[in-house]
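Taking it in order: structure first as C-alpha cells, then the write-up.
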Amino acid sequence: MERILVIGANGQIGNELVVALALQHGADNVIAADLGPRNPFGAAHYEAIDVLDRRLVARIIDTYGITQVYQLAALLSVTGEQDPLKAWSLNMDGLLNILEIARERTAAGRPLRVFWPSSIAAFGPGTPQDNTPQQTVMDPTTIYGISKLAGERLCAYYFSKYGVDVRSIRYPGIISFRSPPGGGTTDYAIAIFHAALRDEPYQCYLLADTTLPMIYMPDAIRATIALMDAPAERIVIRAAYNVAGLSFNPAQLAVAIGQQRPGFEISYAPDARQAIADTWPHSLDDAAARSDWDWQPRIDLAALVTDMLANVVVVPREVGQVA
Ligand code: SER
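Going from the sequence shown to the working numbering is simple: count from 1 and add 6.
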C-alpha cells in the first residue's frame with residue numbers, strides 16, 4: 007500500500023494531482039501539504055509545512071509512513087525573475103531536502119519514491135526548437151530554468167550515487183481551469199479563456215506566432231502517475247523525460263476559441279515574457295517517454311478548448327489578466 011505526500015498541494019498541479027491520487031489510492035492514503043490553509047480538495051489529511059524545513063518534512067514522512075513524495079513547491083519563470091534568490095532557494099533547497107530525506111531512508115532500507123517536476127524552461131537559446139530532442143544543448147536563461155536544469159542533474163546524481171528512486175518530467179506549459187493564471191510564461195493560454203468567458207478581447211503578452219509546447223492538465227496528471235507507477239527498471243532516464251501534449255501559438259489558440267465563441271478578439275502587446283518564450287522549444291520529441299513507460303497524449307486543441315470553455319470559473323480581471 008502506498009502512502010503519498012504531495013508538497014505544493016495548493017498549486018496548479020498539486021490541487022489536481024491530490025484528487026487523482028486520492029481516487030487511485032484512497033483519500034486516507036494521500037497527505038496534502040503546503041504553506042498556509044488547505045484547499046478543499048481530495049486528500050483526507052492536510053499538513054501546513056514549508057518544504058525548506060527539512061526536519062519537519064522528515065517528521066511528517068515518518069508519522070504517516072510515507073512511501074512516495076511529490077515535491078511540487080516552486081516559483082515559476084515569471085515570479086522567479088521577480089526574486090531570483092528566493093526562486094533559487096525554494097526550487098533547489100526544496101528538492102535537496104526531499105532527496106536527502108530519500109537518501110537516508112533508502113540507505114536504511116525504507117526507500118521513498120520521489121517525483122519532482124522539470125520544465126521546458128530547462129532549455130535555452132542554443133537548444134534546437136523543433137522536435138527538441140531528449141538529449142540536447144541546455145542553456146536556460148531564467149533563474150527558474152537554471153534551477154530546473156540543476157535539479158535534473160541532482161535527480162540523476164542521487165539516483166546513480168545513492169540509488170534514490172527519483173523520477174521527473176519536463177512539463178510543457180500546463181493548461182487547466184481550477185487555478186487562476188499567473189506566475190508562468192505559458193499562462194496566457196489560461197488567461198485567454200477567462201477573457202473569452204468575460205466576453206472581453208484578450209491582449210496577449212506574447213506575439214501571435216510564438217509556438218510553445220503545451221499540455222492539458224488531465225494528460226499531465228496521467229503522464230505523472232504513469233511515470234510514478236512504472237516499474238523502476240523501465241525508468242532509464244533519471245534526469246527528466248520530455249513529454250509532449252500539443253503545440254500551438256496564440257493566434258491558433260484564438261482561432262480555436264473563436265470557433266466556439268464567435269466574435270472573440272485578440273491583440274498582441276509583447277512584454278518581457280516574450281524574451282523568455284523565445285528561448286523555449288516549439289515542440290518536443292518525447293519518444294523516450296513513449297517507449298520507456300508507454301506515454302501517449304490524448305487531448306487535442308479542439309477538445310482542450312471545449313473543456314476549458316465549459317469549466318473555467320472566471321476570475322476577476324485583476325487576478326485573471328496576467329498581461
Ligand atoms: N509553465 C511554466 C512557466 O511558464 C513552464 O514550466 O513558467
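Where is the CB? At the ideal position from N, CA and C, for every residue including glycine.
* To do: Compare the beta carbon distance of R184 and F121 with 7 Å and say whether it is the shorter of the two.
  => Walking along the sequence shown from the start, residue 184 turns up at place 178. Walking along the sequence shown from the start, residue 121 turns up at place 115. No. Outside cutoff.
* Environment of E271 [buried if 16+ CB atoms lie within 10 Å] -> If you number the sequence shown from 1, residue 271 lands on position 265. In this structure E271 is exposed. Its beta-carbon is surrounded by fewer than 16 other beta-carbon atoms within 10 angstroms.
* Asked: Hey, is S153 close to ligand 3, as in C-beta under 6 Å from one of its heavy atoms?
  -> This structure lacks ligand 3; the ligands present are ligand 1.
* Of the residues T142, S182, A281, the one placed nearest M220, counting alpha carbons only -> Taking the first residue of the sequence shown as position 1, residue 220 is located at position 214. Of the candidates T142, S182, A281, the one whose C-alpha sits nearest the C-alpha of M220 is S182.
* Asked: Helix or strand or just coil, what does DSSP make of A275?
  -> For the purposes of this step, residue 275 is identified with residue 269 of the sequence shown, where counting begins at 1. Secondary structure of A275 (DSSP, three-state): coil.
* Give the straight-line distance between the Cα atoms of D56 and I37, rounded to the nearest whole angstrom. => The sequence position of residue 56 within the sequence shown is 50, counting from 1. The sequence position of residue 37 within the sequence shown is 31, counting from 1. Taking C-alpha positions only, D56 is separated from I37 by approximately 14 Å.
* Closer than 6 Å: A127 CB and nearest ligand 1 heavy atom -> The count along the sequence shown starts at 1 and reaches residue 127 at position 121. Checking the Cβ of A127 against ligand 1 gives yes.
* Could you spell out where the beta strand (DSSP E) holding F208 opens and where it closes? => Here residue 208 refers to the residue found at position 202 of the sequence shown. A small correction: the amino acid at residue 208 is Tyr; Phe does not occupy that position in the sequence shown. Run containing Y208: 208-210, per the beta strand (DSSP E) assignment.
* To do: Would you mind stating whether A26 and A49 have Cβ atoms separated by less than 7 Å?
  => Stepping through the sequence shown from its first residue, residue 26 is reached at position 20. Stepping through the sequence shown from its first residue, residue 49 is reached at position 43. A distance of 7 Å or more separates the beta carbons of A26 and A49.
* DSSP state of M220 mapped onto helix, strand, coil -> Here residue 220 refers to the residue found at position 214 of the sequence shown. M220: strand per DSSP, three-state reduction.
* Using the C-alpha atoms, what's the distance from E110 back to M314? -> One-based indexing of the sequence shown puts residue 314 at position 308. One-based indexing of the sequence shown puts residue 110 at position 104. Using only the alpha carbons, I get a separation of about 43 Å.
* **CA-to-CA distance, A64 to A113, given in whole angstroms** => What you label residue 113 is simply residue 107 of the sequence shown in a count that begins at 1. What you label residue 64 is simply residue 58 of the sequence shown in a count that begins at 1. Each residue's alpha carbon lies about 15 Å from the other.
* Sequence-distant residues of the same chain with beta carbon closer than 6 Å to L203, five excluded per side -> Start at 1 with the first residue of the sequence shown, and residue 203 comes out as number 197. V318, V320, listed in sequence order.
* **Cβ neighbours of I152 in the same chain (closer than 7 Å, five flanking residues each side left out)** => Indexing the sequence shown from 1 puts residue 152 at position 146. Result list for I152: P146, in chain order.
* Compare the C-alpha of A260 against each of P186, Y194, L91, I13 and name the closest. => On the sequence shown, residue 260 is found 254 positions in, with the first residue counted as 1. Of the listed residues, the one whose Cα sits closest to A260 is Y194.
* To do: Classify Q74 as helix, strand or coil using the three-state DSSP reduction.
  => Within the sequence shown, numbered from 1, the residue matching residue 74 stands at position 68. Taken through DSSP and simplified to helix, strand or coil, Q74 comes out as strand.
* Asked: Under 7 Å between the Cβ atoms of N248 and Q140?
  -> Looking up residue 248 in the sequence shown gives position 242. Looking up residue 140 in the sequence shown gives position 134. A contact, by the Cβ cut-off of 7 Å.
* To do: Spell out the partners DSSP gives S125 in its beta bridges.
  => Within the sequence shown, residue 125 is the residue found at index 119, counting from 1. Per DSSP, Y177.
* To do: Please report how far the alpha carbon of W299 lies from the alpha carbon of P134, in whole angstroms.
  => Here the question's residue 299 lines up with position 293 in the sequence shown. Here the question's residue 134 lines up with position 128 in the sequence shown. Each residue's alpha carbon lies about 25 Å from the other.
* Beta carbon of S83: closer than 6 Å to some heavy atom of ligand 1? -> Position 77 of the sequence shown, counting from 1, holds the residue named residue 83. It does: the Cβ of S83 is within 6 Å (strictly closer) of some heavy atom of ligand 1.
* Please classify M234: is it buried, with 16 or more other beta-carbons within 10 angstroms of its beta-carbon, or exposed? => As a working note, residue 234 is residue 228 in the sequence shown. Residue environment: M234 is assigned as buried (16 or more neighbouring CB atoms within 10 Å of its CB, all protein chains considered).
* Report yes if the CB atom of T191 is closer than 7 Å to the CB atom of I282, and no otherwise. => Within the sequence shown, numbered from 1, the residue matching residue 191 stands at position 185. Within the sequence shown, numbered from 1, the residue matching residue 282 stands at position 276. In contact: T191 and I282 (Cβ atoms closer than 7 Å).
* With DSSP as the reference, label F270 as helix, strand or coil. => Counting from one through the sequence shown, the residue named residue 270 turns up at place 264. It is coil, neither helix nor strand.
* To do: Please name the residue in D205, Y177, I231 whose C-alpha comes closest to that of A28.
  => As a working mapping, residue 28 is identified with position 22 in the sequence shown. Comparing Cα-Cα distances from A28 to each of D205, Y177, I231, the minimum goes to I231.
* To do: Pick out whichever of I243, G14, D215 has its Cα sitting closest to the Cα of S166.
  => Working through the sequence shown from its first residue, we reach residue 166 at position 160. Among I243, G14, D215, the Cα nearest to that of S166 is on I243.
* **Straight-line gap, I19 to I13 (C-alpha atoms, nearest Å)** => Locating residue 19 in the sequence shown gives position 13, where the first residue counts as 1. Locating residue 13 in the sequence shown gives position 7, where the first residue counts as 1. So the alpha carbons of these two residues sit roughly 10 Å apart.
* To do: Could you check if A329 is buried or exposed, using at least 16 other CB atoms within 10 Å of its CB as the buried criterion?
  => Looking up residue 329 in the sequence shown gives position 323. With a pLDDT of 42 at A329, under the threshold of 50, the predicted position of this residue should be treated as unreliable, and no value is reported.
* Asked: Whose C-alpha, out of Y177, N21, I67, G169, is nearest the C-alpha of A295?
  -> Against the sequence shown, residue 295 aligns to sequence position 289. Per the Cα distances, Y177.
* Does DSSP classify T285 as helix, strand or coil? -> Indexing the sequence shown from 1 puts residue 285 at position 279. T285 carries a coil assignment under DSSP once its states are collapsed to helix, strand and coil.
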